[in-house]
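In what follows, a structure is listed as structure tokens, so that the remarks can point back to it.
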Amino acid sequence: MTRFLKKSLVNILQSYEIDNVFSSFDQIGDIVIIRIQEDLLHRKKIIGEVLLDKIKKAKSIYRQSSVVKGDFRTRELELLAGIDKTETEYKEYGCRFNVDVKTVFFSPRLSTERNRISELTENGENIINMFGGIGMFSILIAKKKKCNIYNIDINPEAIRLCKKNLKLNKMVGNVIPICGDASDIINELHDMSDRTLMLLPERSDSFLDSAILGTKSNGVIHYYCHIHANKKNAIECAVKHYFNITKIKSSILHANIVRAIGPRYYQIAIDANIIK
Ligand code: SAM
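Residue numbers (the numbering used here): 610 to 885.
As structure tokens, this is what we get:
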């Protein structure tokens, strides 16, 4: 996949232009999203058309034209080729999801992390997914485990799609979609969860008190953060950061790099067992 785009552009772009093409792109159902460097923007249409031609399943090629931003963590997209349709179906680990790549946050690059968490959960758990989006983590868990999962999100469109996705998948567990600010909702869910997920790495620190409030003593918080560090120090730096900001006795069960998000910049997951 990584050489695919560059190879497809041989004889279409100059070789110095090909050097500046980002190798990776995201394919979500029949939608492809690429990023293009500033100095190649005048070639964006041809790049889009080549991708549309070479990727059999693709119906729409978009360029990500802004960073992921705002409370809803969405991005601006510009159509390069194909049809202008941002809703599609995406499959992951036997589950089906309706996704709108323009109006809600979505990343296929979190699939390994989603599977890791779904493997960790046990039947009978109550789970709070504070930033649950369209229900990716929640549905993957409920597919396998008889859990109760509160899937909270502030974006009404994410909750609409979550409700649609619940109908698309046969699950043994129960997912409860709730639209609102996680910190307000948790005020009604004190000491409720055995496991709390907080996948909003940019703002985890300001929601940690709410996560602690919602989690039972001896429960687990899945805390995510972004850390500037060398790859070999990134986990250690993130754990140090967690201990600097948490006000509660915690033991770290596990920590891992979820993905690189830039040069010397990593998203880290920390599984913390908390004692109240
Ligand atoms: N867990 C989901 C996934 O993996 O697809 C989505 C994670 S996304 C990084 C963060 C989500 O948090 C977005 O869907 C956004 O709308 C939601 N969000 C942001 N602020 C929030 C808040 N205060 N309360 C609840 N949800 C919030």
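The C-beta atom is built at its ideal place from N, Cα and C for all residues, glycine as well.
In this text, all values refer to a predicted model and were calculated from it rather than measured experimentally.
When only Cα atoms are considered, Ile-836 and Val-867 end up about 11 Å apart.
If the five residues before and after Ser-617 are omitted, its C-beta is found closer than 6 Å to the C-beta atoms of Val-659, Lys-663, all from its own chain and listed in chain order. At least one heavy atom of the ligand SAM lies less than 6 Å from the C-beta of Asn-764.
Judged by DSSP secondary structure, Asp-628 falls within the alpha helix (DSSP H) whose first and last residues are 624-628. Around the beta-carbon of Pro-872, fewer than 16 other beta-carbon atoms lie within 10 Å, marking it exposed.
Here the region 705-714 lies against the region 737-745, with 3 or more beta-carbon pairs under 8 Å apart. DSSP, reduced to helix, strand and coil, places Leu-808 outside both helices and strands of the structure shown, so it counts as coil.
Around the beta carbon of Gln-646, a 10 Å sphere encloses fewer than 16 other beta carbons of the protein chains shown; the residue is thus reported as exposed.
Note on geometry: alpha-carbon atoms of Asp-635 and Ser-792 lie some 32 Å from one another. Residue nearest to Leu-749 within the set Val-677, Ser-674, Lys-779 is Lys-779 (criterion: CA-CA distance). Annotated as proximal: Val-713 and Glu-766, with beta-carbon spacing under 7 Å. Beta bridge pairing from DSSP links Cys-834 with Ile-877.
Put simply, the backbone Cα of Phe-852 is about 14 Å away from that of Ala-878. Rounded to whole angstroms, the Cβ separation of Asn-738 and Ile-763 is 13 Å, and the two are not in contact under 8 Å.
According to the DSSP assignment, His-863 belongs to the beta strand (DSSP E) that extends over 858-871.
Annotation for Ile-795: no beta strand (DSSP E) segment contains it, though the alpha helix (DSSP H) segment containing it runs 791-795.
With a threshold of 16 other beta carbon atoms within 10 Å, Phe-715 meets it and is buried. Here Glu-766 carries a helix assignment [DSSP, helix/strand/coil]. By the CB criterion at 7 Å, Gly-823 and Ile-785 fall outside the cutoff. By the Cβ-count criterion, Thr-730 is buried, with 16 or more other Cβ atoms from all chains shown falling within 10 Å of its own Cβ. Under the DSSP assignment, Val-848 falls outside any beta strand (DSSP E), being part of the alpha helix (DSSP H) whose first and last residues are 840-854.
Annotation: Arg-644 to Asp-628 spans about 14 Å, alpha carbon to alpha carbon. A distance below 8 Å between beta-carbons, with the five flanking residues on each side excluded, links Val-619 to the following residues of its chain, in chain order: Ile-627.
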